[in-house]
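>
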Amino acid sequence: MLKKHLLSLCTGFLLIFSFPPFSLYPLAWIAFLPLFEAIEELSPIYAFRMGFFSGCVFFLGILYWIVYAMVCYGGVSLPLSLVALFLLVLYLALYFALFCYFIKVFSIAFSPILIASLWVSLEYIRAHFLTGFPWELLGDSQYNWLSFIQVADIGGVYLLSFLVMWGNASFFQCLKKRNRQSYFGLFILVVCLGTTLFYGQNRLSFWKKQCLISPKKINIGIIQGNINQNQKWKPTFQASTVKIYEHLSKQAVKNHPELLIWPETALPFYFQEISPLRKQILTLVKEIKTSILLGSPAYETGAEGIKYFNRAYLINEQGKIVGYYDKVHLVPFGEYIPCRKWLPFLSAIAPSVGDFSSGKEIQPLFLNGRYSFGVLICFESIFPALSRKVVQRQALFLVNITNDAWFGRTSAPYQHLAMLVLRAVENRRGIARAANTGFSAFIEPTGSIIMQTKLFERSYLTAKLPLIENKTFYTKHGDILVFLNFCVIFILIIKTIRRGGWKRLKKV
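No gaps in the numbering here: position 191 of the sequence shown is 192 in the numbering used here, and each next residue is one more.
1) Exposed or buried, residue 471, counting other C-beta atoms within 10 Å across all chains shown (16 or more means buried)?
2) Would you call residue 356 buried or exposed, if buried means 16 or more other Cβ atoms sit within 10 Å of its Cβ?
3) For residue 54, is the classification buried or exposed, using 16 other Cβ atoms within 10 angstroms of its Cβ as the cut-off for buried?
4) Classify residue 384 as helix, strand or coil using the three-state DSSP reduction.
5) Is it right to say residue 19 is buried, meaning 16 or more other beta carbons lie within 10 angstroms of its own, or is it exposed?
6) Can you give, in chain order, each stretch of the alpha helix (DSSP H) that sits fully within the segment 394-457 and has at least 4 residues?
7) Once DSSP output is grouped into helix, strand and coil, what is the label at residue 27?
8) If I measure Cβ to Cβ from residue 493 and keep anything under 6 Å in the same chain, skipping five residues before and after, which residues do I get?
9) Skipping 5 residues on each side, what residues in its chain have a beta carbon closer than 6 Å to that of residue 245?
10) CA-CA distance, residue 264 and residue 179?
11) Going by alpha carbons, who is nearest to residue 479 out of 500, 427, 467, 468?
12) What number of angstroms, rounded off, separates the C-alpha of residue 67 from the C-alpha of residue 380?
13) Compute the distance between the beta-carbons of residue 38 and residue 110, then report whether it is under 8 Å.
14) Hey, how far is the Cα of residue 509 from the Cα of residue 47?
15) Per DSSP, what are the beta-bridge partners of residue 291 in this structure?
16) For residue 217, count the other beta carbons within 10 Å of its own beta carbon; 16 or more makes it buried, fewer makes it exposed. Which is it?
17) May I ask you to report which of helix, strand or coil DSSP gives residue 367?
18) Can you give me the start and stop residues for the alpha helix (DSSP H) that residue 169 sits inside?
19) Tell me which residues share the same chain as residue 11 and place their Cβ nearer than 6 Å to its Cβ, disregarding the 5 neighbours each side in the sequence.
20) On the three-state DSSP scale, how would you describe residue 258?
21) Go through its chain and collect everything with a Cβ distance to residue 392's Cβ below 8 Å, but skip five positions before and after it.
22) Assign residue 5 to one of two classes, buried (16 or more other C-beta atoms within 10 Å of its C-beta) or exposed (fewer than that).
23) What would DSSP say about residue 346, mapped onto helix, strand or coil?
24) Go ahead and pull the three-state DSSP assignment for residue 356.
25) How about residue 26 and residue 56: do their beta carbons lie closer than 8 Å?
26) Give the secondary structure of residue 323 by DSSP, where H, G and I count as helix, E and B as strand, and everything else as coil.
27) Helix, strand or coil for residue 265 per DSSP?
28) Between residue 30 and the rest of its own chain, which residues show a CB-CB distance below 8 Å, the 5 nearest in sequence each way excluded?
29) For the beta strand (DSSP E) containing residue 225, list its first residue and its last residue.
30) Hey, would you say residue 119 sits closer than 8 Å to residue 498, going by beta carbons?
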């Protein structure tokens, strides 16, 4: 049994190194081979345990930064932050456990397509259940293999996950069986991957050319203020913060951008209130004659009391607020506490957690009445459905504003940026990303990161992004692949019950 635990441990570590900041993406194609070997001769219940162990190793390795964020900036004690991390890891590890369990229950240990369908179905559930947490899906590990990820404009990140898991299962089948059936299966995989890469190279060349010759482009400037999170919300530091962004903006407009983007909550005060600092910012906009998108907390008073929002304001060249967007997908235990009314003790445990409300819906903003664009605030960038929805509503490019100062110098800023690459490819939209402490970046519709700042530097970037009107198959039709996978799993459940596997299905 020790050997099997070591094999499960190996899978966890191989996956960790597949993702940023290591980004050894080829490892993802073989990472599950040790786990498959570990569960080969085990019963479903023991396979569940092996998968659970492997999942714990993986999620601890990529989510350790949660402790740093909660202790340094969340006002949570170290013991409580460790408890929170372990609870999250234990929950997420269940998906690995169920994956291994159902492989045994459905008797699909040597059925690569069915294994890939099972994995994608569980990933999709993870991305949506309990508000969803699609942090580092298997397909995200391939973000810097540009020829491969182009197929995401057909099936999204879940198609990439499907192909990577199919590869793992096919390789394992060949190593264990070494018969005609397994070699034929590997041949089919190679043909599909070859087709994928051929398609990807074709799309890559096409969109690179489109980005160069596109008659419609917008020049954008992004500002990285690098404001210390420990000072950011102190009233005495507000004026200095505004001066920093004012100075950087005046430098950036020398390159004649049509839009300047400041990060999430760049203004640590309520911009909606009349104040000298608000007047200073509006005066700046008029002086530089450039529209600015900036982040600020906001509030509204209604019959239910005061509601707070994480908001992005769009100010035009005349210094008028012409639109705003309120974040719709908030971070649990970061921007709000779930079930606060029924579990009031949670507020005492995490006193620094915000009490924000969700915006009504995601809608594009309009720049100078000509260009529509979608705004994704921080955490929203990891949800494919949000980007897809705003592009469906005619957004010509995407903007991501975030404050990754919470993450410090951990792996989280690398992971956060990498996942955004897939949003560009899925919808074929250029993306401008402004982060308080980095990474700020420009991403082309190909998924190529064309410009990027360093972590914790005060800087600005300017670049031209193409304005794309075409909608991809994925934008139009969404996660059809996932629906097909669910159909396959449903059929497997029916077949398992018919052959008397219901008792095994109920165990665990």
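C-beta atoms are modelled at their ideal positions from N, C-alpha and C, and glycine is treated no differently.
From a predicted model like this one, the values you see are computed outputs, not experimental measurements.
This is what the structure gives:
1) exposed
2) exposed
3) buried
4) coil
5) buried
6) 413-428
7) helix
8) 107
9) 226
10) 54 Å
11) 427
12) 14 Å
13) no
14) Summary for residue 509: the model assigns pLDDT 45, below 50, so the residue's position carries little reliability; its value from the coordinates is reported in the next sentence. Cα to Cα, the separation comes out at about 10 Å.
15) None; residue 291 has no bridge partner.
16) exposed
17) strand
18) 153-178
19) 35
20) coil
21) 375, 399, 428, 430, 472, 476
22) buried
23) Any reading at residue 346 must be qualified, since the residue scores a pLDDT of 47, below 50, and its modelled position is unreliable; the value itself is stated next. DSSP places residue 346 in helix when its eight states are reduced to three.
24) coil
25) no
26) strand
27) coil
28) 165, 168, 169, 172
29) 218-225
30) no
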